[in-house]
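Chains as they are written, first to last, in this note's numbering: chain D, 2 to 810; chain P, 54 to 375; chain G, 152 to 344.
Even for Gly, the Cβ is constructed at its ideal location relative to N, Cα and C.
Only one structure is covered here, and it is reproduced in the block below.
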Amino acid sequence: MNKDDRERIIAPEHTLRADKYPLEDYSAIGRRGVRRKDGYEKATGYAVYTTDVQLPGQLMLRILTCPYPHARIKSMDTSKAAALPGVRALLRYDDPELPERADVSGHFGGGTEGHEPVLNRVGYWQGMPMAVAVAADTEDIANEALGLVEIDWEERPFNLDQEEALKPGAPLSNPESFPDGNFVIPAQQREAKVVWGNPDEGFKEADRIIEWRMRKDKENWVGPERPNGLFRWNGEYPEVWLKHQRPHLSKRQIARFFKIPVSQVTVHCLYQGGTFGGWSQMALNMQPNMIAGILSKRTGKPVKWQFTRREDFCGAGMDNARYQVKVGFKNDGVITAVAATSCFARKGFAHLGHFVENTRVHHLLQESNGAVLNIMPGSAFRCEQNMNALCLGAVLNRVAEALEMDPTEVALKNDGVEGRPMADLADLKRAHGFGGDRDSLKECIEVGKKAIEWGGKWHLPGTKRLPNGKLHGMGFTFTHEWSDSSGSGALGMRIERDDGSARILAQRCDNGCAAETAYCQIAADELGFRYEDVHYRQFEEAGFTTMTPDSSTNLTVNGYAIRNAARQLRQKILEIATTPRIPERPDMGYYPPFPDYKPEDLDIKDGVVYVKKDPSKRMTMAELVRPAFFMGKMDIGSTEPLFAWGWQNQQGAFMGTPGPRPIFVRQAHFVEVEVDPETGDIEVTKVVNANDVGKAVNPEGVEGQQYGGSVMGISRARAEDTIYCPATGVVLNGNLIDYKINTMLDCGPIDTIIIETGMGYGPYGSVGIGEDVATVLPSAYYAAVHNAIGAWVDMPTTPDRVLKALGRL
Amino acid sequence: MKNFAHINARSLDEAVTALQRYGKRAAIIAGGTDLLGKMKDEILPAYPEALVNIKTIPGLNLIEEKKGTLSIGALTRLEDIAIDARIIDGYPALAEAARRTASTHLREMGTIGGNICQDIRCWYYRNQNNRFACLRKGGGRCYAIDGDNRYHSIFGGSVEQGCYAVHPSDTAPALIALDATIKTSRRSIKAEDFFQVSVAKTTVLDDDEIVTEIQIPKPAGTSAFVKFALRKAIDFPIVNCAAMVTVSKKKVTAARICLNAVYVKPYRATAAEDAMKGKAINEANAEAAGAAAVSGARPMPYNAYMVQIAKTMVKRAILGCA
Amino acid sequence: MPPICPYCSTTFDAVDKLKTHIIAEHGAEPLPRPEGLIDLMVNGERYELQVEPNVTLYTVIHDRLGLTGVKMFCDRGACGSCTVIMNGRPVLSCMTLAIECDSATIETAEGIAAAKHPLIETYVKHHCMQCGYCTPGFVVTAKALLDRNPNPTEEEIREALSGNLCRCGTYPQHPKAVAEAAKLLQGGEGGTR
């Protein structure tokens, strides 16, 4: 480990600058065509997910869900359910073992969402797991038992709309936790109102001011593997299988909940079928595990739980909000001030943050007013920057529309960092350790425009009808890349005794980004090994936390940890190659493999240790480490275990941490659509993603996140919304027929372009890519639809909204 | 899924006998793609005590064309219909309707008999565990009226009690446009008389009656099918439309046009048919026919857009016959 | 235990011989097969299984045979993750009653891999998986396509796979992998990226 690496670990502020020690030559890093480490397992179905685990004698747990949007149980009779043959245990809200309130959230603590009764007597949204849980021999029996529970409900008035809920006289959505009213401030901020600069001044500087209202609806995460878990109480202590992005946090929670030492909790985290954020049931996502734990303890049997697809749909959705936006700008396209007020339903993630991180606009006013509602809680999935990205894209494109300008020009005019124009930031780039002064946004826009033929195809809004009768639209948006989040990564690395290959030992936290493959690429280059000789060994017990706590941008954190471990391990290998194995017994005749050299005289390439000045003096790793000693044939040549560990504490760069670091890498997205004016149907005919990822460690993995994010982004923007019955507050489309996620036929070709300016804060100048495209792309689509029809249509752009905007309704 | 008795019928008689034995407490299973979903969701007014499997009955899986009539056995898979060259050639509305139904897998499982016998689509009716005691479940009201009715009837409710659910079949309107006949275990019924608006069931079939075959006369004219859905696969239609138009000397002499997913049963657009008679197939006439088709529409608060789409579907189906 | 005649207690080495014996010697109908007993040929292995009517083919393959290549995503026939090839057709095992599958021949992703079908390697090569949960369902559907249509067009591939949902959005890669596997099956060189 060099000095910089060590500093990065012990002093997090050192992470606020560029990687000082990238490699000079890359072999595995950045190479195309390396075989995905998880590919075969996943293609063949041998990859094991939590839901695949079955233990002998396991019971199935089912929890009652609230049938109403807001209701309290007056009385509950569980005697018939308990008496049903095959029912082994039942847990009621009034069970003495249940704490009054407990942290079962798993992600953001605080507020009611972090501390709830484990089994509540009151239901605050339809589908909320509550009141009673049954563990039985089969799922069918458990379901039948729940059907036998007799409940006398007291239905309460409910709120489904945040603006209605904030009006005087609106009923209370949650009188137990919010007795004074439904108003709440954002979950991640201390204040409802945040001001940067002087917005009044900014508006005074403006040549023009425009204002509008827009909304964002409640898409759902739809992770393919439904929320599930398995809890086995091994006598004294629990062993738990979790589908969870933050298993090490859950481990701590389990220990706290059951009042046992963390050291005694074993948590297994396997592959995860789609976890685009904290997974569903954000507000209560440890609840079923705790219940399973209690019942496993009581019955002495493993207890498995799994939500139905519908229950999952009712569990948590993305933040939804209405916005009132006001923008002041100069006639040349420079934005002077933005003021935006949101009225959100739960969470209330920041919505003007990207102006701070990403533009020269320095007069900003962000106000967030929220309401507690009787709908599923808000959660962040791919990702909480949704509102930030939407507001930036909308402002940029509205200004372009007002000035009849090309939105890419408006973007370049406003690109910057913390209120300063990008053109002035060469010094800042140097101060953060970046050598060159490349203009990331300009590069993204240039290549992106070329790929989508923007020059010949872009036109003023609502002005182009195609020969097929459809309305043609081109859309664009941009923002910065997700640099990193705060968090720590820790892992081990060792050399396999018999063949000299390397293994990374770390907790599995697989989000599908080919991260384990990328880790092996880094380790291979840092060790001087062939990629094929580096493997990722899932260290099943959560503890080697190979991830950031919220899984964002994991490579930028874990990549450093891998590198730290690899550099130490490499040093150890070279030391062993030049050190006698048993120094005090020279008579045993075993001398160092390279007796006359010092570590610095040697190098490793393709898994072969050799003398730099005389490469004919060489030894493979397998020869160097030698097989293990075994009975009957003593091999005193075998080395001491070759093991190293690495870790990284990363200072976050997102809003809300003191002094966000300036982010210089950008992404630009382009969408082409055709709108059928007679039906309101929108076809996406082309998408171009231009992402400056700094350095692409695994290019195919990067591209996967680009087109994958595009598919998800288009899907959300076109048709995804969790629909509540306005009269009864019940979710109507909680299944994959009525909730419309894209099929293979619903998105046109996607061009993915990778730009590598090296200006990311991750290892080798990299940044994260997994979260952002799905989050940013909807804004480009939104602009494309507007460009086609000349009117703004809120997302999802369902046919009714499009036809209305076209004046057909 | 709760348990039930299961009977593999080896003949039509055996199936009918089994159905008679159980009365309303049995259900027929063929492809099972609609039925099993309903059983998993427990949305049936009464959970079946027995399933009578008719896939084991020989002779019901065939496509034959003779003496100017196409015969399709009730157990014929939708995929087999979609790729059959004779049907693509001579009965394109049906081939296209089959091809646009659901997804590859569901077409490999689902049968034509099952597709026309499938239950209505309504997210209140189908909300899990009979969450809504609607008219079809013996309850007192249709929840769609005050609720979110974006996918409900634009032509009013069922005559007797006012259920606003829609019939979602893609093949049904094609069969009606093609003037097909549905043969059952005891009679022959014209396709357009096969469906009904009762809240008790979607077809005129008796509880112990089984669809055995579909017969389609060789069309005199050309036919076409169009479908509008939010996704290009998997989805049920928001609106679909099939048309069969006969043209003589560039004038339409006969037209059969049927919409679906707009009403409790397939909706024969007779006003559009009348509007086309004696006219040439062109954009303006088709547009007028579309407008005529929806002139009687009475949309609900959330589904006025479906009227516009239905109008367009009628127009495009007619133009597809040119 | 060998099959035993219920009338005379003679033992036989095969059920068929017992049946012939009962008809010939005792003039009786051979014993009806117990209800719910099914014969399945899964990936070339024969299984005899007793199932309740409400058990789906998914449950039998996943929970009892331990083949994790069938995945449950929607549980309602709307996503393709639980696809198996049954008697040549790609079908959804979550919407199929096991009791109706007597004497069926079934292939899962594991069987396709064991047969060294080129789809597996082309899927790996083209990164057709991200979280990987839906991937075996795609592989199985693609295999069924290639069995029937050895040289599909890109449009045909997309159509055939359009009933398989992937939340990670791997869609653009599948046609490449399937086309390349088709080429390899026909003895051609694999396409380049």
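Simplified DSSP assignment, three categories, for residue i
{"i": "H363(D)", "result": "coil"}
{"i": "W222(D)", "result": "coil"}
{"i": "Q838(D)", "result": "No information on residue 838(D) is available, as it lies outside the stretch 2 to 810 that chain D covers here."}
{"i": "M656(D)", "result": "Confidence at M656(D) is low in this model, with a pLDDT of 46, below 50, so its placement is unreliable and the value that follows should be read with caution. Coil."}
{"i": "L248(G)", "result": "strand"}
{"i": "G110(D)", "result": "Residue placement at G110(D) cannot be trusted, given a pLDDT of 37 that sits under 50; what the coordinates show is reported in the next sentence. Reduced to three states, the DSSP call for G110(D) is coil."}
{"i": "L825(D)", "result": "Residue 825(D) falls outside the range modelled here, since chain D spans only 2 to 810, and no answer is possible."}
{"i": "Q668(D)", "result": "strand"}
{"i": "N736(D)", "result": "coil"}
{"i": "K305(D)", "result": "strand"}
{"i": "T86(P)", "result": "coil"}
{"i": "A90(D)", "result": "strand"}
{"i": "I271(G)", "result": "helix"}
{"i": "G493(D)", "result": "strand"}
{"i": "S251(D)", "result": "helix"}
CB contact below 7 Å: residue i versus chain D
{"i": "P185(G)", "result": "no"}
{"i": "D87(P)", "result": "no"}
{"i": "G342(G)", "result": "In this predicted model, G342(G) has a pLDDT of only 46, less than 50, meaning its place in the structure is not dependable; the value taken from the coordinates is given anyway. By this cut-off, G342(G) is not an interface position."}
{"i": "K285(P)", "result": "yes"}
{"i": "G200(P)", "result": "yes"}
{"i": "I362(P)", "result": "yes"}
CB contact check: residue i to chain P, cutoff 7 Å
{"i": "P550(D)", "result": "For P550(D), the pLDDT reaches just 46, beneath the cut-off of 50, and the residue's location in the model is therefore unreliable, although a value from the coordinates is still provided. No, P550(D) does not count as interfacial toward chain P."}
{"i": "M77(D)", "result": "no"}
{"i": "P86(D)", "result": "no"}
{"i": "E313(G)", "result": "In the sequence as displayed, the identity of residue 313(G) is Ser instead of Glu. Output row for S313(G): interface = yes."}
{"i": "P157(G)", "result": "no"}
{"i": "A229(G)", "result": "yes"}
{"i": "N300(G)", "result": "no"}
Candidates the options: closest to residue i by CA position
{"i": "A785(D)", "options": "E177(D), D526(D), V688(D) and L442(D)", "result": "V688(D)"}
{"i": "D597(D)", "options": "K606(D), K75(D), L575(D) and F540(D)", "result": "L575(D)"}
{"i": "K327(D)", "options": "P797(D), G714(D), A503(D) and F204(D)", "result": "F204(D)"}
{"i": "H363(D)", "options": "A338(D), H71(D), D20(D) and P581(D)", "result": "A338(D)"}
{"i": "L271(D)", "options": "Q522(D), T51(D), I724(D) and Y765(D)", "result": "T51(D)"}
{"i": "Q508(D)", "options": "I523(D), A491(D), N692(D) and C521(D)", "result": "A491(D)"}
{"i": "D261(P)", "options": "R239(P), T157(P) and D288(P)", "result": "R239(P)"}
{"i": "D327(P)", "options": "T122(P), N106(P), R309(P) and R153(P)", "result": "R309(P)"}
{"i": "K614(D)", "options": "E601(D), M622(D) and T621(D)", "result": "E601(D)"}
{"i": "T753(D)", "options": "I683(D), L733(D), V672(D) and D795(D)", "result": "V672(D)"}
Beta carbon proximity, residue i to chain G, threshold 7 Å
{"i": "T129(P)", "result": "no"}
{"i": "I523(D)", "result": "no"}
{"i": "A44(D)", "result": "yes"}
{"i": "F57(P)", "result": "yes"}
{"i": "D53(D)", "result": "yes"}
{"i": "N555(D)", "result": "no"}
Check whether residue i and residue j have beta carbons under 7 Å apart
{"i": "R717(D)", "j": "E220(D)", "result": "yes"}
{"i": "V300(P)", "j": "K332(P)", "result": "no"}
Cβ separation of residue i and residue j, assumed to be a contact under 8 Å, to the nearest whole Å
{"i": "A697(D)", "j": "F435(D)", "result": "In fact, because the Cβ distance is near 17 Å, the residues do not count as touching under 8 Å."}
{"i": "P248(D)", "j": "V268(D)", "result": "5 Å"}
{"i": "L365(D)", "j": "V357(D)", "result": "7 Å"}
{"i": "L208(G)", "j": "S232(G)", "result": "Not confirmed; about 14 Å, so no contact."}
{"i": "A333(G)", "j": "N302(G)", "result": "6 Å"}
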